[in-house]
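Numbering (my numbering), first residue to last: 460 to 747.
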């Protein structure tokens, strides 16, 4: 993909962006300035070249693959870790985040959050890893708004692999910092809705979570096991009553397996819950 051209959001965000090579570019969104800093440095050093910008995404993805291997090694064994990391490395669902330059928030945030989780897992045996995990989580917050979900992931991790009654205080710094970023993003909801009305001509609407969430989760599961017809925007979706009922049944079974695995296998419980919880920022009823 290194020879691919700029596409979609790359055009306005990079090619036609007159501020991208200026210091002012870093101040466009201070809460996620770390997302802009690497792009600024690459453009200043190599110019507006798609291959170098895309190489940054690929390098982050490689780092995430390595982190996934070490994390799975610490929680399971090397065979599971090798298989999991290999699947993660080449799964078609990663294509958009890795090869689309404007997909960098996903891969950058994913790298920092998984690294923070790895360091936290190491801190159970060696406390020296605790504050590095907090620092990396902070880098994740400065990379994408999706990082705000991480403290809840830590809560699940503690629920699965630690005694939460003894260790809950370790979560306080993560949740405290998270509240600051949550307040920032909640204050921007009104502006985001107005921008969509003005630019995309989208009327504000409230999505029905009983329809939205089962369809979203089962669609992701479907693309994991059968990644056919991948597209940049999954917007043209319609379902019959039978189709929705089937997806609802699969979703309820998925929730049932999570509950059952909590008693039988905490490793499975954690990763199935991880899959569900990490998607929560995109499953709000606000159509933004």
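Quick reminder that beta carbons are idealized off the backbone N, C-alpha and C, glycines included.
DSSP three-state call for residue i: helix, strand or coil?
i	result
residue 665	strand
residue 745	strand
residue 475	coil
residue 715	helix
residue 462	coil
residue 685	coil
residue 724	coil
residue 652	helix
residue 634	helix
residue 647	coil
residue 481	coil
residue 505	helix
residue 710	helix
residue 492	helix
residue 698	coil
residue 691	coil
residue 737	coil
residue 468	helix
residue 535	coil
In or out: residue i buried (at least 16 other Cβ within 10 Å) or exposed?
i	result
residue 559	buried
residue 463	exposed
residue 637	buried
residue 520	buried
residue 701	exposed
residue 692	exposed
residue 656	exposed
residue 684	exposed
residue 706	buried
residue 646	exposed
residue 561	buried
residue 488	exposed
residue 603	buried
residue 670	exposed
residue 502	buried
residue 629	buried
residue 479	buried
So, residue i versus residue j, is the Cβ gap smaller than 9 Å?
i	j	result
residue 738	residue 716	no
residue 682	residue 552	yes
residue 609	residue 729	no
residue 474	residue 507	yes
residue 568	residue 527	no
residue 523	residue 566	yes
residue 746	residue 665	yes
residue 530	residue 576	yes
residue 652	residue 668	no
residue 486	residue 726	no
residue 579	residue 616	yes
residue 673	residue 703	yes
residue 581	residue 533	yes
residue 713	residue 689	no
residue 490	residue 640	yes
residue 509	residue 465	yes
residue 618	residue 736	no
* To do: Could you tell me whether the segment 513 to 521 touches the segment 466 to 473, using the rule of 3 or more Cβ pairs below 8 Å?
  => no
* Asked: Using 8 Å as the threshold, is the segment 530 to 546 in touch with the segment 479 to 497, meaning 3 or more CB pairs across them?
  -> no
* Just checking, does the segment 559 to 572 make contact with the segment 598 to 606 on the three C-beta pairs under 8 Å criterion? -> yes
* To do: Flag this pair as touching only if the segment 694 to 706 and the segment 585 to 597 have three or more C-beta atom pairs under 8 Å; answer yes or no.
  => no
* **Secondary structure, alpha helix (DSSP H): runs of 4+ residues fully inside the segment 538 to 612** => 554 to 558, 563 to 582 and 589 to 600
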